[in-house]
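Each residue of the sequence shown is one higher than the last, beginning at 165 in this note's numbering. All residues carry an ideal CB built from backbone N, CA and C; glycine is no exception. Here's the structure we're looking at; comments come further down.
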Amino acid sequence: MDDLALSMNSPGSIPASPLPDDAPLLRDPAEVMRRRVLLEWLRAVQAAAAEAETAGPALEAVLRVLQQATRAEAGLVVLLNPTTGFLEWQAAVGLPRRVTQQPLRVSEGILGWVTRTGRPAWVPDLRVDPRAQPLRSRARSLLAVPLEVADPVRGVLAILADRPAAFGPEHEALLQGCAGEVSSTIRRLWALERLQLKAQMFETLVRVSPKVHAAYSLEEALGTITREAGLLMGARLCSLFLVDAEGQWLDLKAAWGGGPAYRNKPRLSVAESFIGVVVRRRQPMQIANVQTSGRYQHTAVARQEGLVALLSVPLISAGRCVGVLNVYKDRPYVFSDLEVSVLSAFADLSAQALERARWHERLLQVEEQLRHNERLAALGLLAAEVAHEVRNPLTVIQMLYHSLDLKFPPGDPRAEDAAVLGRKIEQLNRNVERILDLARSGEPRFAPVAINPLLEELARLVRHKLRQQRIELVWRPDPTDPRVHGDAGQLEQVFLNLVLNATQAMSEGGTLTLATRRKAQHVVVTVQDTGPGMSPEQRRLAFRTVLQTGRPGGTGLGLAIVGRIVEAHRGRVRLESPPAGGTRVRVILPAAVDSETGNPPGSAPTCTPSG
């Protein structure tokens with residue numbers, strides 16, 4: 165106790181604080197002094213712990229105060245990791261670096277004994293104690309007290325001296341008093357670190373969100389998601405699996421940080437694999453060590469790739485689990501609730517990005533199919549026009565041929581020539597008829613078509629393309645939900661063609677307006693853009709083909725097909741250039757007739773004048 169008292173009386177010590185008025189009186193002056201000294205050193209420990217903002221420096225400051233108070237050569241704080249079962253170093257002074265880099269088994273040594281039993285250890289001579297650990301080669305005595313940080317986290321606060329029997333009851337009282345302060349400091353600074361980590365992770369989440377949403381192709385989106393999730397979580401590897409169309413298998417679509425062994429894994433069963441459980445439950449799940457877990461299927465791959473801890477979160481889109489996002493650590497680890505919530509939030513963003521990328525790819529496929537269909541339709545249109553133009557002169561030729569009544573004497577070679585000429589004229593006639601029959605086979609299959617849902621589906625299809633080109637979509641549907649009499653597939657081709665033409669006209673952005681309106685016995689669909697508009701000559705020739713315009717370099721086949729489809733629906737197309745600019749296309753189609761009333765659905769009954 166003399167060392168403790170003398171240290172407190174040294175220059176620069178913290179002034180003693182008066183005792184409370186209701187404190188019991190001590191008759192022994194020496195006991196009063198011992199308690200005052202103990203109180204002052206506890207205040208010194210408290211002050212040292214309060215100065216730091218992170219646990220490591222705070223605990224080191226406490227250990228240095230304890231060194232000064234007890235004349236110890238070394239001090240340490242270790243905590244039990246419930247996941248690994250090892251004592252991990254939190255702070256140390258006076259110990260070799262090689263010692264503090266190695267975790268300690270909780271089943272071994274004095275520190276393990278204190279952790280297991282929750283009792284202090286006072287060892288006057290380490291050379292004769294079988295529990296002694298090689299912490300410091302010259303250490304002769306040790307004093308250790310248990311720490312109760314938070315269930316199940318516990319640990320040890322200990323000091324070591326190079327002289328035997330260096331510590332007494334007064335030092336144990338000091339360490340016991342410090343244990344509560346150390347535990348409180350750890351809890352406080354851990355809470356602060358969690359808040360800082362939370363702010364940092366959510367800040368990172370906000371920062372990477374635009375990167376994820378900027379990816380328009382599915383492949384680019386998958387690569388961006390796994391890379392950013394891996395960096396966000398400090399992962400060894402990040403992978404993304406998608407559920408197949410039948411919902412039976414999970415296929416690896418992207419992996420960041422993984423080697424060939426992981427990338428070449430077979431597909432996983434939704435019914436039997438660990439991440440399949442994530443799909444079925446639609447809840448995050450984790451494994452602290454996949455290399456030793458019976459729930460993980462590919463432990464050999466995990467060992468080869470150095471994968472240990474796993475956190476898997478579901479990708480939810482439209483209320484359905486479409487895949488799983490996985491992050492791996494390279495050590496045994498339990499992901500905190502914060503980390504689980506952050507990765508789950510990232511997974512929600514990722515699911516939206518994947519859905520948008522899918523829509524974008526579908527739009528590209530539909531565009532390509534539309535262009536392909538346009539080319540085929542254009543060829544068919546040209547072939548039909550050619551056949552139609554050829555049939556009339558061919559009919560005249562056939563009539564003149566028969567009127568010539570070419571009969572030659574037997575053996576005259578011209579007789580065979582005339583017969584060949586007649587057969588070839590008949591062959592040309594048959595070919596022309598086949599071409600015209602083929603053109604007629606593309607006639608629409610009429611049925612009632614709800615025009616608003618058709619255009620709404622079209623709007624969903626092109627919304628990502630519009631956003632990419634900075635085009636605002638204005639949708640003005642007729643509230644009566646009008647129906648037309650037509651072929652839904654051909655009408656969708658008409659309106660998609662008009663919308664894509666409008667987007668091409670607004671390369672710098674603008675506004676696209678879609679509107680429907682029932683007018684008497686017709687339904688009017690308006691597609692209007694804010695592009696540069698069309699000249700009167702362009703509007704006049706818009707729905708003509710190359711044969712009709714005589715311009716081989718023309719580009720009007722798409723609109724020509726639109727015109728032909730609308731004409732086949734007994735409708736009309738009107739092109740207008742509003743005074744404010746842009747182009748307005750109005751497609752006027754016959755309204756569907758109610759089978760009972762004979763009127764368009766929802767319209768007023770037609771009154772027939774009485775006699």
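- In whole angstroms, what separates the C-alpha of T218 from that of L513? Mapped onto the sequence shown, residue 218 falls at position 54. Mapped onto the sequence shown, residue 513 falls at position 349. The alpha-carbon atoms of T218 and L513 are separated by roughly 32 angstroms.
- Query: Which of the three DSSP states, helix, strand or coil, is assigned to G387?
  - Reply: On the sequence shown, position 223 is the one that residue 387 refers to. It is helical.
- Task: Give the DSSP bridge partners of H686, in chain order.
- Result: Numbered from 1 along the sequence shown, position 522 holds the residue referred to as residue 686. Partner(s): K683, P754.
- Task: Using three-state DSSP, classify Y497 as helix, strand or coil.
- Result: Taking the first residue of the sequence shown as position 1, residue 497 is located at position 333. DSSP places Y497 in coil when its eight states are reduced to three.
- For R484, name the three-state secondary structure that DSSP assigns. The sequence position of residue 484 within the sequence shown is 320, counting from 1. In this structure, R484 counts as strand in the three-state DSSP scheme.
- Which stretch, first to last residue, makes up the beta strand (DSSP E) that contains E636? For the purposes of this step, residue 636 is identified with residue 472 of the sequence shown, where counting begins at 1. 635 to 640 is the span of the beta strand (DSSP E), which, as asked, contains E636.
- Candidates Q254, W286, I561, G394: closest to R351 by CA position: Start at 1 with the first residue of the sequence shown, and residue 351 comes out as number 187. The shortest Cα separation from R351 among Q254, W286, I561, G394 belongs to Q254.
- Query: What is the rounded straight-line gap between the Cα of V270 and the Cα of A308?
  - Reply: Mapped onto the sequence shown, residue 270 falls at position 106. Mapped onto the sequence shown, residue 308 falls at position 144. Taking the straight line joining both Cα atoms gives about 14 angstroms.
- Message: Counting C-beta neighbours from all protein chains within 10 Å, is the total for V584 16 or more, i.e. buried, or is it exposed?
- Response: Start at 1 with the first residue of the sequence shown, and residue 584 comes out as number 420. By the 10 Å Cβ count, V584 comes out exposed.
- Query: Can you name, in chain order, every residue of its own chain whose Cβ lies under 7 angstroms from the Cβ of G487, other than the five neighbours on each side?
  - Reply: The residue you call residue 487 lines up with position 323 of the sequence shown. Within the same chain, G487 has close Cβ partners L404, F405, L406, V407, L479.
- Message: Among D569, R627, A399, D651, whose alpha-carbon lies nearest the alpha-carbon of L528?
- Response: Sequence index remark: in the sequence shown, residue 528 carries index 364 (1-based). Per the Cα distances, R627.
- Task: For G714, collect the residues of the same chain with a Cβ closer than 7 angstroms to its Cβ; drop the 5 residues on either side in sequence, then sort them by chain order.
- Result: Translated into the one-based positions of the sequence shown, residue 714 becomes position 550. Its pLDDT being 42, under 50, G714 is placed unreliably in this model, and the coordinates cannot settle the point.
- Starting from H649, follow the beta strand (DSSP E) in both directions and report where the run begins and ends. To locate residue 649, count along the sequence shown from 1; it is residue 485. 647 to 650 is the extent of the beta strand (DSSP E) around H649.
- Query: First and last residue of the alpha helix (DSSP H) that includes Q231?
  - Reply: Locating residue 231 in the sequence shown gives position 67, where the first residue counts as 1. That run of the alpha helix (DSSP H) goes 219 to 234.
- Task: Kindly list the residues whose CB is nearer than 7 angstroms to the CB of I561, restricted to its own chain and excluding five residues on each side of it in sequence; keep chain order.
- Result: For the purposes of this step, residue 561 is taken as the residue at position 397 of the sequence shown. Only I589 meet the Cβ criterion.
- How long is the line joining the alpha carbons of P577 and T559, rounded to whole angstroms? The count along the sequence shown starts at 1 and reaches residue 577 at position 413. The count along the sequence shown starts at 1 and reaches residue 559 at position 395. Using only the alpha carbons, I get a separation of about 26 angstroms.
- Task: Please go through the same chain and pick out, in chain order, the residues whose beta-carbon is closer than 6 angstroms to the beta-carbon of S481, but skip the five residues on each side of it.
- Result: Residue mapping note: residue 481 aligns to position 317 of the sequence shown, counting from 1. Contacts found: A515, E519.
- Report yes or no: do three or more beta-carbon pairs, one from the region 648 to 660 and one from the region 744 to 755, lie closer than 8 angstroms? yes
- Message: Judging by CA-CA distance, which residue of L664, Q340, A623, R681 is the nearest neighbour of P641?
- Response: Start at 1 with the first residue of the sequence shown, and residue 641 comes out as number 477. The residue with the shortest Cα to Cα distance from P641 is R681.
- Task: Taking only runs that begin and end inside the region 255 to 325, name each unbroken beta strand (DSSP E) of 3 or more residues, in chain order.
- Result: 285 to 287, 305 to 314, 317 to 325
- Quick one: what does DSSP say N453 is sitting in, helix, strand or coil? By 1-based counting over the sequence shown, the position of residue 453 is 289. Reduced to three states, the DSSP call for N453 is coil.
- Message: I'd like the list of long-range same chain contacts for D645, defined as Cβ closer than 7 angstroms, with 5 residues on each side in sequence excluded.
- Response: As a position in the sequence shown, residue 645 is number 481, starting the count at 1. Correct list, in chain order: A614, N616.
- In the DSSP assignment, what are the bridge partners of D408? Locating residue 408 in the sequence shown gives position 244, where the first residue counts as 1. Beta-bridge pairing links D408 to no other residue.
- Task: Could you tell me the distance, in whole angstroms, from the CA atom of P252 to the CA atom of Q265?
- Result: As a first step, residue 252 is located in the sequence shown; it is residue number 88 there, counting from the start. As a first step, residue 265 is located in the sequence shown; it is residue number 101 there, counting from the start. The amino acid at residue 252 is misidentified as Pro; the sequence shows Glu. Each residue's Cα considered, the two are about 9 angstroms apart.
- Query: Is R609 buried or exposed, if buried means 16 or more other CB atoms sit within 10 Å of its CB?
  - Reply: As a working mapping, residue 609 is identified with position 445 in the sequence shown. By the neighbour-count rule (16 or more Cβ atoms within 10 Å), R609 is not buried but exposed.
- What distance in whole Å lies between the Cβ atoms of T677 and K629, which are believed to be in contact at a cut-off of 8 angstroms? Here residue 629 refers to the residue found at position 465 of the sequence shown. Here residue 677 refers to the residue found at position 513 of the sequence shown. That pair is no contact at about 16 angstroms.
- P612 - containing beta strand (DSSP E), residue span: Against the sequence shown, residue 612 aligns to sequence position 448. Taken as a continuous stretch (DSSP letters only), the beta strand (DSSP E) holding P612 covers 611 to 614.
- Task: Could you tell me which residues DSSP pairs with N490 in its beta bridges?
- Result: The residue you call residue 490 lines up with position 326 of the sequence shown. Beta-bridge pairing links N490 to S403, S476.
- Query: Can the beta-carbon of A517 be found less than 8 angstroms from the beta-carbon of K493?
  - Reply: In the sequence shown, the residue the question calls residue 517 occupies position 353. In the sequence shown, the residue the question calls residue 493 occupies position 329. For A517 and K493, no; Cβs fall outside 8 angstroms.
- Task: Could you check the C-alpha separation between E469 and L475 for me, to the nearest Å?
- Result: Position 305 of the sequence shown holds residue 469. Position 311 of the sequence shown holds residue 475. E469 and L475: Cα-Cα distance of roughly 16 angstroms.
- Query: How would you call E597, buried or exposed, if buried means at least 16 neighbouring beta carbons within 10 angstroms?
  - Reply: Taking the sequence shown and counting its residues from 1, one reaches residue 597 at position 433. Its Cβ having fewer than 16 others within 10 Å, E597 is exposed.
- Item | Inter-residue spacing [alpha-carbon to alpha-carbon] between L721 and F707 | The residue labelled residue 721 in the question sits at position 557 within the sequence shown. The residue labelled residue 707 in the question sits at position 543 within the sequence shown. Any reading at L721 must be qualified, since the residue scores a pLDDT of 48, below 50, and its modelled position is unreliable; no value is offered.
- Taking all protein chains shown into account, do 16 or more other C-beta atoms lie within 10 angstroms of the C-beta of T456, making it buried, or fewer, making it exposed? Here residue 456 is taken as the residue at index 292 of the sequence shown, counted from 1. Exposed.
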